[in-house]
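Visitor: As given, the protein sequences belong to chains E and D, one line each in that order.
Residue numbers 6 to 218, in this note's numbering, belong to the letters of the first sequence in order.
Residue numbers 81 to 886, in this note's numbering, belong to the letters of the second sequence in order.
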Amino acid sequence: MSYAYLFKYIIIGDTGVGKSCLLLQFTDKRFQPVHDLTIGVEFGARMITIDSKQIKLQIWDTAGQEAFRSITRSYYRGAAGALLVYDITRRETFNHLTTWLDDARQHSNSNMVIMLIGNKSDLESRREVKKEEGEAFAREHGLVFMETSAKTAANVEEAFINTAKEIYEKIQEGVFDINNEANGIKIGPQHSPTNPSLPGAGGSGGSQGSGCC
Amino acid sequence: MEYFRSGLKTVLGAPTPGTQPTGPETVERLVSRVSTSTLLEDRRDACRALKALSKKYRLEVGAQGMDVLRQVLELDCADCEIIGYCLDTLCNITSNEIFEEEGETNINMNVNVGEQFTEMFLKNEKNVAVVLGFLEEYDFRVRWPAVKLLTSLLANKPKEIQDIILVSPMGVSKLMDLLLENREIIRNDALLLLINLTKSNANIQKIVAFENAFDRLFDVIKDEGYTDGGIVVEDCLLLMLNLLKNNTSNINFFKEGSYIQKMSPMFLLPDNIEEIGWSPQKASNMHCVLQLVRTLVSPNNPVQIITACQKTMRNTNLLEALCGILMASGVPADILTETINTVGEVIRGNLTNQEYFANVTAPSNPPRPAIVVLLMSMVNEKQPFQLRCAVLYCFECFLFKNEIGQEQVVQTLLPSAAGATTLTTGQLLCSGIFSADPLSNWFSAVALSHTLLENPAQKEQLLRVLLATNLGAQPVSLLHQCAVYLQHTSKLQSKIGMLMLLAMWMSHCPPAVKIFLTVPGAMAFLTAQTSASEYDNNEELLQGLCAFIMGLCVAFNDNSEKNYSKENLSQLIEKRVSIETYCKKLGEISRHEVYAKAAKQPQIKAKHSSELLLEFEFCKLFKALEGVIIQALGVQRDLSNGLSELSLSEHENALLIQYKELIRDQDKKLHDLQKEIHTMKRENKSLEAQIDELSQTNSQLNDHNTLLKAQLSTGANITSNEPVAAAAPLLAAAPDQGLLDKVNRLESELLEKNEELERLRGDQDNLLTLLTDQDTKLCCFKSKLRELGETIEDSDGNSGESDNES
């Protein structure tokens, strides 16, 4: 399937906050309660539609464990978007956000869009981090914020799509150099830069993303 | 300083007779000059000299100069020239190749010099980071030796370098940027470096892929002219292979990134390929591309990945292009072989692709299906061995999870199949099974066994196949012929092929077991093989297989052959072979090295034809059924209560058999009777049900009757003629036996009563007459008494009157 743009994402955050589950919910629309620890990095992809353009998301789901931190760093530079995830039922995962953010800011290109995600919103009874705290952190560091549940799929689509929208807007504003692949953005094979307003290749033209091809 | 410098020059350069410095001495002086000299030019000159000596006096330069050289890398990093010499020197001393120059001096030296110096250099991890940093220097004199040094270090200590690069910030990125280098030698060397760096390290493979490796590599391939390009194309393909092999995440990325589509141009053969021929490089490139395809659809990958890639390969016409190469002429045999393997894996287990393949025709005259043409090569002794193996694998892939395909092949063997003039797959396989070439026997038997894989219907269909062995002789079944051939052929390979076919056929198929048991000599052959105590040259495998077939005869026996019932056969095994020996023979199969080799992957891999003995699917079957057979034998043994007939005398044995016969008879009778009782009980039950039903209707009718009677009586009370008249036909119409009976009974009663009444009336008349007589007599006596003078009361007269009145 052809696409107008291709965005590279990475998902980062402490181990066990639900990064792999978020990806699985987004690409396969299913939830796997017991998930093995991610070793290194795993890949997933899906097509979405923004502004009636087909956009391919390539997502690298990283391992949260400290041992893999240096491997994870290799992925910052080439990513256009990052989902920084914490677990609302475990305060320490929220406390570590600054470390993650410093790491990301240090190794990524300055335009990378970072979306802060408080996951496991379905576990309201065990909540340790208030939604307001997440919002405040995001405001302070200039991030977009959302609470999601990989289990119930609440806000999962939105998290990925809103990040894409943000990147898309930055492209429209000319902030991103789309010809530099190191930014994690690629122009589709049939969409030359001289004619960027070409609509995506018909197919499933719904506003919702179609399954990955 | 200038004086000092010239002084040194005299020391080093002036050939003073008698005191010519030896090599090691020169190295020592040079090293001290690099470390002590404050002038950059001095250090540069010394480094240049060290570089020149680093091949011949490798040991000395390395041992004394390592630290100094490392210092230079840090302190003089601004000067490209000295850094270049420095890197070159390090490259030479850590190289794992032996230089011609050092041959004379270090002849006794250990070959591991390079590795030891690498180890020394790696002691400080910062060193590698420094070298990685030099990759960013554009100057050719720095960048190129930096690449070479890393290559050299990597060759000696791959694991260590991989780990260091993985954790050094942007390490992989820096290397990836080299692929964009327009100085080809650097780009090409970087390519080689990346090939070695990505070997068996999934994390590096993923980062390299993330850093747009596939895009860059395809760009290079395109620039170099696809498969017509030089060795660089091959290197690009090798790197891709490294990135994808056993790396599901990267395969997924490759598929999602639409890179399969980008492979298509590499399969296009120019129209004049026959004239221009295949250069060795083109063949190598093609080989790599085919490997690439196979890596994506390898049977070892997760199923959903395989299926998705297969689908994409069909939709992007990659499968079509592959089939084109398959049918093109002038393709070198090794490329053709690999193409056949590749086509096999692209269609394996994918019905749509299998159907597509079934419809490919060869441009022959008359046009024949590609499958037929391939099978013709398989049973042709003159074809290369590897090609024949590939055809079998491809055919197996075609049949894998393809019930339609399996049926079609078997169909061509059945008598009803029309069109005897065209060559069919079935005919080819049949002629191959019984041909004089043992390899053809083996190939064909295995191929045929795959038409039966997990397909009980075809096992039974194939039983219907009849062969005309000799002119005029009775046709025999295929299975029969296989069992006969098994006994007659002297070739081990043929026997094993035949046994694997029989095993596949007879497993879970009692009718096939039954036919096998009736083949004369078949059981005797198996028994003899299984009980044989000596063997040579892979014969233990044959014996194991015979034991396996024997076991199948027990496990899948429906007892329809009296002489070879489950029980008799297990007795046979116990008596003639003994369970211990039997289990040992059975175990020979899985213990054999051929088994381990064959069970590894579906593809048939053998260097030499004599290595072809066991096959993948057979190994799977054996693994699944070994336990079943041993259990079946155990059950039979338990049934005979551990009473071995061997321990009994002949007489007792006869008696036992007699009793057994008796018990069997009784058992049968008992069974029959039980059956009878059962049917009777059922009949009884149905009859009872009928009676119930009838009585129920009866009572209903009775009720009805009473109702009608009541109606009738009410109708009579009205005393109108019309309702009675109306009721009369209703009564008549009701065929009520009970009612009629009652009426009859009442009528007869009435008659009786009337008669009685009549009689009583007659009696009364008589009595009245008698009374009158008595009265008259009484009157007479009264008058007589009056005459005689007696007074008589009148009352009598009154009473007489009253009597008269009544």
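Heads up, the beta-carbon is just placed ideally off N, CA and C, and yes, glycines get one too.
Taking the DSSP output, what are the residues bridged to E660/D?
Guide: Paired residues: none, contrary to the question.
Visitor: Per DSSP, E152/E forms a beta bridge with which residues?
Guide: Bridge partners of E152/E: G123/E.
Visitor: Would S197/E pass as an interface residue toward chain D - the criterion being a Cβ-Cβ separation below 7 Å?
Guide: Because S197/E carries a pLDDT of 49, less than 50, the predicted location of this residue cannot be relied on, and no value is offered for it.
Visitor: Any idea if E695/D is buried or exposed, counting beta-carbon neighbours within 10 angstroms, 16 or more meaning buried?
Guide: Counting Cβ neighbours within 10 Å, E695/D comes out buried, since at least 16 surround it.
Visitor: Would you kindly report the start and end of the unbroken alpha helix (DSSP H) that includes K655/D?
Guide: Unbroken run through K655/D: none, as it is neither H nor E.
Visitor: Can you check which of these residues, M200/D, I340/D, N352/D, L319/D, is closest to T396/D by C-alpha distance?
Guide: Closest option to T396/D, Cα to Cα, is I340/D.
Visitor: Residue range of the alpha helix (DSSP H) that T505/D falls in?
Guide: Its alpha helix (DSSP H) spans residues 505-513.
Visitor: CB G49/E to CB I60/E, shorter than 7 Å?
Guide: No.
Visitor: With distances taken from CA atoms, which of V114/D, D159/D, L119/D, T531/D is nearest G145/D?
Guide: Taking only the C-alpha atoms, the option nearest G145/D is V114/D.
Visitor: Going straight from the alpha carbon of P590/D to that of S378/D, what length do you get?
Guide: If I take the Cα positions, the gap works out to 35 Å.
Visitor: Among Q554/D, G305/D, K237/D, I576/D, which residue has its Cα nearest to the Cα of W522/D?
Guide: Among Q554/D, G305/D, K237/D, I576/D, the Cα nearest to that of W522/D is on I576/D.
Visitor: Any residues in the stretch 228-252 of chain D with a beta carbon nearer than 9 Å to a beta carbon of chain E? Which ones, in chain order?
Guide: Listed by position along the chain: L246, V247, S248, P249, M250, G251, V252.
Visitor: Just reading off the alpha helix (DSSP H) that V114/D is part of, what are its end residues?
Guide: First-last of the alpha helix (DSSP H) with V114/D: 103-116.
Visitor: Closer than 8 Å between beta carbons: that is the criterion. Which residues of the stretch 261-288 of chain D meet it against chain E?
Guide: Per Cβ criterion, the list reads A282, N283, K286, I287.
Visitor: Quick one: residues in its chain with C-beta nearer than 8 Å to the C-beta of E725/D, no 5 flanking neighbours on either side, listed in chain order?
Guide: Low local confidence applies: a pLDDT of 48 at E725/D is under 50, so the model's placement there is unreliable, with the coordinate-based value given in what follows. Excluding sequence neighbours, E725/D sits near Q651, K655, N733, L736.
Visitor: Do we get a CB-CB distance below 7 Å when we pair N292/D with the residues of chain E?
Guide: Interface residue, yes.
Visitor: So if DSSP puts Q63/E in a beta bridge, which residue, or which two residues, is it bridged to?
Guide: In the DSSP output, where bridge partners are listed per residue, Q63/E has K13/E, A50/E.
Visitor: Taking C-beta to C-beta, are R468/D and M456/D nearer than 7 Å?
Guide: Cβ atoms of R468/D and M456/D: not closer than 7 Å.
Visitor: Where does P449/D fall in DSSP's three states?
Guide: Three-state result, P449/D: strand.
Visitor: With a threshold of 16 other CB atoms inside 10 Å of the CB of N445/D, please say whether the residue is buried or exposed.
Guide: Exposed, since its Cβ has fewer than 16 Cβ neighbours within 10 Å.
Visitor: Tell whether a beta-carbon distance below 7 Å holds between N4/E and A85/E.
Guide: Nothing can be reported for residue 4/E, as the shown portion of chain E is limited to 6 through 218.
Visitor: Against chain D, which members of the stretch 34-66 of chain E pass a CB distance test of less than 7 Å?
Guide: If the cut-off is 7 Å between Cβ atoms, the stretch 34-66 of chain E has G45, V46, E47, F48, A50, Q63, W65 near chain D.
Visitor: So, helix, strand or coil for D92/E, using DSSP?
Guide: Note: D92/E maps to strand in three-state DSSP.
Visitor: Grab me the residues of T375/D's own chain with a C-beta within less than 8 Å of its C-beta, minus the 5 sequence neighbours each way, in chain order.
Guide: Result list for T375/D: L321, L324, K325, I331, in chain order.
Visitor: In chain order, what residues of the stretch 70-81 of chain E put their CB closer than 7 Å to some CB of chain D?
Guide: Those residues of the stretch 70-81 of chain E that come within reach of chain D (Cβ to Cβ, closer than 7 Å) are S75, I76, R78, S79, Y80.
Visitor: If we count Cβ pairs, one from each stretch, closer than 8 Å, do we get three or more for the stretch 261-274 of chain D versus the stretch 18-31 of chain E?
Guide: No: fewer than three Cβ pairs fall under 8 Å.
Visitor: Are E620/D and E668/D close, meaning C-beta to C-beta below 7 Å?
Guide: In this structure, E668/D lies closer than 7 Å to E620/D by Cβ.
Visitor: Of the residues that make up the stretch 167-190 of chain E, which ones have a beta carbon closer than 7 Å to any beta carbon in chain D?
Guide: Under the 7 Å Cβ criterion, the stretch 167-190 of chain E contributes E186.
Visitor: Our contact map puts F197/D next to G251/D with C-beta atoms below 8 Å; I'd like the distance itself, whole angstroms only.
Guide: Contact doesn't hold; Cβ gap of about 22 Å is too wide.
Visitor: Using a C-beta to C-beta distance shorter than 8 Å, which residues of chain D count as neighbours of G86/E?
Guide: Result: empty, since nearest Cβ-Cβ is about 14 Å, beyond 8 Å.
Visitor: According to a CB-to-CB cut-off of less than 8 Å, which residues of the stretch 320-339 of chain D neighbour chain E?
Guide: Within the stretch 320-339 of chain D, the qualifying residues are S329, N330, N332, F333, E336, G337, S338.
Visitor: Check whether the Cβ atoms of F277/D and S248/D lie closer than 7 Å to each other.
Guide: For the record, residue 277/D in the displayed sequence is Leu; it is not Phe. Contact flag unset, no.
Visitor: If you follow the alpha helix (DSSP H) that K325/D is in, where does it begin and where does it stop?
Guide: Taken as a continuous stretch (DSSP letters only), K325/D belongs to no alpha helix (DSSP H), as it is neither H nor E.
Visitor: Output yes or no for whether 7 Å exceeds the beta carbon distance between C562/D and M578/D.
Guide: Yes, they are a contact pair.
Visitor: Going by CA-CA distance only, name the one from V715/D, L120/D, C160/D, S112/D that's closest to D147/D.
Guide: Looking at the Cα atoms, S112/D is the closest of the given residues.
Visitor: Excluding sequence positions up to five away, which residues of its chain have a Cβ less than 8 Å from the Cβ of A805/D?
Guide: Any reading at A805/D is ruled out, since the residue's pLDDT is 49, under 50, leaving its predicted position unreliable.
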